[in-house]
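*Asks:* When you line the sequence shown up against our numbering, it's residues 23 to 213, in that order. From the three backbone atoms N, C-alpha and C, an ideal C-beta is built for every residue, glycine too. Treat the numbers as computed from the prediction; the structure is a model and nothing was measured. Okay, here's the structure, questions in a sec.
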Amino acid sequence: MNRWKIGFFLLAGLVAAALSAIIFFISSTPDSIPLPNMEVVDASNNVLTVSATKENLESIANTYVRKMTKGGPLPLTIKVDGDVALFSELTVFSFTYPVIMHFDPVVREDGNLILKQSSMEIGLLNIQPSTVLKILKDSVKFPPWLIVRPKEEEFFIDLSEISVSGNLKVRAKTFNLADDEIILEIIIPKE
23 MNRWKIGFFL LAGLVAAALS AIIFFISSTP DSIPLPNMEV VDASNNVLTV
73 SATKENLESI ANTYVRKMTK GGPLPLTIKV DGDVALFSEL TVFSFTYPVI
123 MHFDPVVRED GNLILKQSSM EIGLLNIQPS TVLKILKDSV KFPPWLIVRP
173 KEEEFFIDLS EISVSGNLKV RAKTFNLADD EIILEIIIPK E
């Protein structure tokens, strides 16, 4: 064999190995990040109950998303209607595809939220939801109160860690989107 044939087969092998590594990296899901332990709220604190609509929640969520992704590579928009929908874009081999992920909110006993993925649309592509969440997790720097869990196909929102004025804490009480009933509690610690 001459040098050109050897060089060609070596280059073809390197390209095949690189593509295999990229596919493996994208399709592998990392170990799950453990959720924080449930905290018991001190009963002696003052609690203010706030009722919100889907429009209120959507506006607040998009404000926080704009702050958290400032200068980030992926545009993210949240729409709250019958479920929580996250709109973004995914670029694969210089083609941009619209991504729509639908989540069902679940309120934990400690007042934090879990957004369980119910469906996903990525143009005409057939990509695993866990893969898209992994790419999203690797592409966007999320604040510490938002945990992406690709393996479980969910987002965990630690409402108690969201910075609110002073030392106020927030927790969800009711999150019923079908009846437009969203009740949050603001916890004001006694001094």
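First and last residue of the beta strand (DSSP E) that includes D126?
*Replies:* Its beta strand (DSSP E) spans residues 117 to 129.
*Asks:* When DSSP labels each residue in this structure, what does L199 get in the three-state scheme?
*Replies:* Correct three-state label for L199: coil.
*Asks:* Using 8 Å as the Cβ pair cut-off and three pairs as the minimum, do the region 129 to 149 and the region 102 to 118 touch?
*Replies:* Segments in contact, yes.
*Asks:* So what does DSSP say about E175, is it helix, strand or coil?
*Replies:* Note: E175 maps to coil in three-state DSSP.
*Asks:* Compute the beta-carbon to beta-carbon distance between F197 and V129, rounded to the nearest angstrom, for a pair I have assumed lies under 8 Å.
*Replies:* Contact flag correct, Cβ pair sits at about 5 Å.
*Asks:* For V192 and L181, what's the separation of their Cα atoms in angstroms?
*Replies:* Computed Cα separation, rounded: 6 Å.
*Asks:* Using alpha carbons as the reference points, say which of K76, G29, L32, M142 lies closest to I204.
*Replies:* Minimum Cα distance to I204 is reached at K76.
*Asks:* Rounded to the nearest angstrom, what separates N78 and V72 at their Cα positions?
*Replies:* The alpha-carbon atoms of N78 and V72 are separated by roughly 11 Å.
*Asks:* From the DSSP secondary-structure annotation, give me the bridge partner or partners of Q139.
*Replies:* BP columns for Q139 point to F125.
*Asks:* By Cβ distance, which residues of its chain are closer than 6 Å to H124, with the 5 residues on each side in sequence left out?
*Replies:* So the list reads D105, A107, S140, S141, once near-sequence residues are dropped.
*Asks:* Taking the C-alpha atoms as reference points, what is the distance between E183 and P120?
*Replies:* E183 and P120: Cα-Cα distance of roughly 31 Å.
*Asks:* Where do the ends of the beta strand (DSSP E) carrying L108 lie?
*Replies:* Its beta strand (DSSP E) spans residues 106 to 114.
*Asks:* On the DSSP letters alone, give me the boundaries of the alpha helix (DSSP H) that K89 sits inside.
*Replies:* That run of the alpha helix (DSSP H) goes 76 to 90.
*Asks:* Have a look at A74 and A83 and give me their C-alpha separation to the nearest angstrom.
*Replies:* Roughly 12 Å between the two C-alpha positions.
*Asks:* Put S42 into one of helix, strand or coil per three-state DSSP.
*Replies:* In the structure shown, S42 sits in a helix (DSSP, three-state: H, G or I).
*Asks:* Around the Cβ of V154, are there at least 16 other Cβ atoms within 10 angstroms (buried) or fewer (exposed)?
*Replies:* Burial call: buried.
*Asks:* Where does the unbroken beta strand (DSSP E) through V154 begin, and where does it stop?
*Replies:* First-last for V154: 151 to 161, but that is the alpha helix (DSSP H), not the beta strand (DSSP E).
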